[in-house]
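Residue 97 in UniProt numbering sits at position 97 of the sequence shown, and the numbers go up by one each step. Glycine residues also receive a C-beta, built at the ideal position from the N, C-alpha and C atoms. All remarks here apply to the structure that follows.
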Amino acid sequence: MILITGATGTIGSHVVRLLSEQGVPFRAMSRRAQPGHVRADFEDPASLERALAGVDTVFLVTVPPRPTADHDLALVRAARAAGVRKIVKLSAIGSGGIFGGQSIGAWHVAAEEAIEAAGFAWTMLRPGSFASNLLPHRALILAGEPVPNLAGDARQAVIDPRDVAAVAVAALTGDAHDGQRYDLSGPELLTFADQASILGRVLGRTVRIADGTDILSQLPAEVVTGIDWARAGGTAYLTDHVRQILGRPAGTFEQWVRDHRTAFAETP
Ligand SMILES: NC(=O)c1ccc[n+]([C@@H]2O[C@H](COP(=O)([O-])OP(=O)(O)OC[C@H]3O[C@@H](n4cnc5c(N)ncnc54)[C@H](OP(=O)(O)O)[C@@H]3O)[C@@H](O)[C@H]2O)c1
């Protein structure tokens, strides 16, 4: 049995879809009462114990309210007790690097190390910026208001979330990727302005952007370090793992936009 955490989220929902299409048995986990989901919360050990009963392999997605490994560590503890064999963790590109004397993605690294130390088989997926990150700005885009740009002029390895999910499914359903850390990128490096331009062209409207760094003063220091690192070009590199693992090229940002143009429409 494969447990999919974050099953209502960006990557987890695609993992659920792909496993369903392939007829692979799985259990979807989230806090929300979705049909067919087991309800569990990383902050509720008893709910994790129920979710993990009889589970062999876990897809681990955590989005803690603050950047700590607490949710991952709770899952690791419960998974050990439940006799889980393997964990595929969604981490982030560049985790473990140092920028300006500060650690990048330290909470992901702490989680990765705990998974390794606990003796599970594992795969760590470390994607770049998701193509879907512009979706939450739909209302601004429709109103013709500028979208806040935190990335400056830096180029980023933007990746289609469907590719991240497809790689996760490959790692969850076979052993060829055990013991691997994969930095995952799309096929091209794009600035935020590039993404706005492509989105605007496909939608047939002008997508404006404006410096959004005034919000940095409200964010946790660990998050700001990651953003500063990306602004300095830290994520401006491509990898070939998606093509190697899936046997086809990674999807472009433009293709993702074309496939999701209705999500940006007045009435999605
Ligand atoms: N966005 C990017 O560009 C990017 C790039 C690289 C890496 N990442 C990494 O990707 C991860 C986020 O993945 P995502 O975008 O797929 O997530 P997401 O869309 O934000 O979804 C989060 C999922 O976690 C569940 N969840 C949240 N709190 C929970 C809790 N306390 N207990 C149980 N479930 C909980 C949510 O479900 P319910 O609310 O229904 O419980 C939801 O299914 C993060 O670790 C991030 O660092 C993101």
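- Message: Rounded to whole angstroms, what is the Cα-Cα separation between R27 and E21?
- Response: Taking the sequence shown and counting its residues from 1, the one referred to as residue 27 is at position 27. Taking the sequence shown and counting its residues from 1, the one referred to as residue 21 is at position 21. Those two C-alpha atoms are separated by around 14 Å.
- Item | Local Cβ density within 10 Å of M124, reported as buried at 16 or more and exposed below that | Locating residue 124 in the sequence shown gives position 124, where the first residue counts as 1. Around the beta-carbon of M124, 16 or more other beta-carbon atoms lie within 10 Å, marking it buried.
- Give the straight-line distance between the Cα atoms of W122 and L219, rounded to the nearest whole angstrom. By one-based count along the sequence shown, residue 122 stands at place 122. By one-based count along the sequence shown, residue 219 stands at place 219. Take the alpha-carbon of W122 and the one of L219: they are about 31 Å apart.
- In this structure, does DSSP put V147 in helix, strand or coil? Residue mapping note: residue 147 aligns to position 147 of the sequence shown, counting from 1. Three-state result, V147: strand.
- Task: Flag L190 as yes when its Cβ comes closer than 7 Å to any non-hydrogen atom of ligand 1, and as no otherwise.
- Result: Translated into the one-based positions of the sequence shown, residue 190 becomes position 190. False, no ligand heavy atom lies under 7 Å from that Cβ.
- Task: Answer yes or no: the CB of I93 versus the heavy atoms of ligand 1, is any distance below 7 Å?
- Result: As a working mapping, residue 93 is identified with position 93 in the sequence shown. Within the cutoff, so yes.
- Query: Are there three or more Cβ pairs, one per stretch, closer than 8 Å when the segment 192-201 is compared with the segment 220-238?
  - Reply: No, because fewer than three Cβ pairs between the segment 192-201 and the segment 220-238 fall closer than 8 Å, the two stretches do not touch.
- Message: Closest to G119 by C-alpha separation, out of H241, A151 and K86, would be which residue?
- Response: Reading the sequence shown from its first residue, position 119 is the one you call residue 119. Selected option, being the one with the closest Cα: K86.
- Item | Residue from I245, Q244 and E222 with nearest C-alpha to G105 | Here residue 105 refers to the residue found at position 105 when the sequence shown is read from its first residue. The shortest C-alpha to C-alpha distance from G105 to any of I245, Q244 and E222 is the one to E222.
- Query: For R32, which residues from the same chain have a beta carbon less than 8 Å from its beta carbon, with the 5 sequence-adjacent residues on both sides left out?
  - Reply: Reading the sequence shown from its first residue, position 32 is the one you call residue 32. The residues are T8 and R39.
- Query: Would you say residue 271 touches ligand 1, meaning its beta carbon is less than 7 Å from a heavy atom?
  - Reply: The displayed coordinates of the chain run from 1 to 268. Any statement about residue 271 would go beyond what the structure contains.
- Rounded C-beta distance between S132 and T10? I'm assuming under 8 Å. Here the question's residue 132 lines up with position 132 in the sequence shown. Here the question's residue 10 lines up with position 10 in the sequence shown. Correct: roughly 6 Å between the Cβ atoms.
- Message: So, for L150: in the same chain, excluding its five sequence neighbours on each side, which residues have a beta-carbon less than 7 Å away from its beta-carbon?
- Response: Here residue 150 refers to the residue found at position 150 of the sequence shown. Its chain contains G212, T213 and I227 as the residues whose beta carbon lies nearer than 7 Å to that of L150, once the 5 sequence neighbours on both sides are disregarded; these appear in chain order.
- Task: Measure how close the beta-carbons of I4 and F59 come, nearest whole angstrom, since I'm counting them as under 8 Å.
- Result: Start at 1 with the first residue of the sequence shown, and residue 4 comes out as number 4. Start at 1 with the first residue of the sequence shown, and residue 59 comes out as number 59. Going by Cβ atoms, the distance from I4 to F59 rounds to 5 Å, so yes, they are a contact pair.
- Message: Short of 7 Å in beta carbon distance, which residues of its chain neighbour V242, apart from the five on each side in sequence? Order them along the chain.
- Response: Position 242 of the sequence shown, counted from the first residue, corresponds to residue 242. Within the same chain, Cβ atoms closer than 7 Å to the Cβ of V242 are found at D163, V167, L184 and A250, the five residues on either side in sequence being excluded.
- Query: Does DSSP put T206 in a helix, in a strand, or in coil?
  - Reply: Against the sequence shown, residue 206 aligns to sequence position 206. In this structure, T206 counts as coil in the three-state DSSP scheme.
- Does the beta-carbon of I245 have 16 or more other beta-carbons within 10 angstroms, so that it is buried, or is it exposed? By one-based count along the sequence shown, residue 245 stands at place 245. By the neighbour-count rule (16 or more Cβ atoms within 10 Å), I245 is buried.
- Query: So, are the CB atoms of T235 and Q156 less than 8 Å apart?
  - Reply: Taking the first residue of the sequence shown as 1, we reach residue 235 at position 235. Taking the first residue of the sequence shown as 1, we reach residue 156 at position 156. Remark: C-beta atoms of T235 and Q156 approach each other more closely than 8 Å.
- Task: Please go through the same chain and pick out, in chain order, the residues whose beta-carbon is closer than 6 Å to the beta-carbon of G96, but skip the five residues on each side of it.
- Result: Start at 1 with the first residue of the sequence shown, and residue 96 comes out as number 96. Hits under 6 Å: V109.
- Query: Along the chain, which unbroken stretches of the alpha helix (DSSP H) at least 4 residues long are found entirely within the segment 158-219?
  - Reply: Counting only runs of 4 or more residues that sit fully inside the segment 158-219, the alpha helix (DSSP H) segments are 161-173 and 192-203, in chain order.
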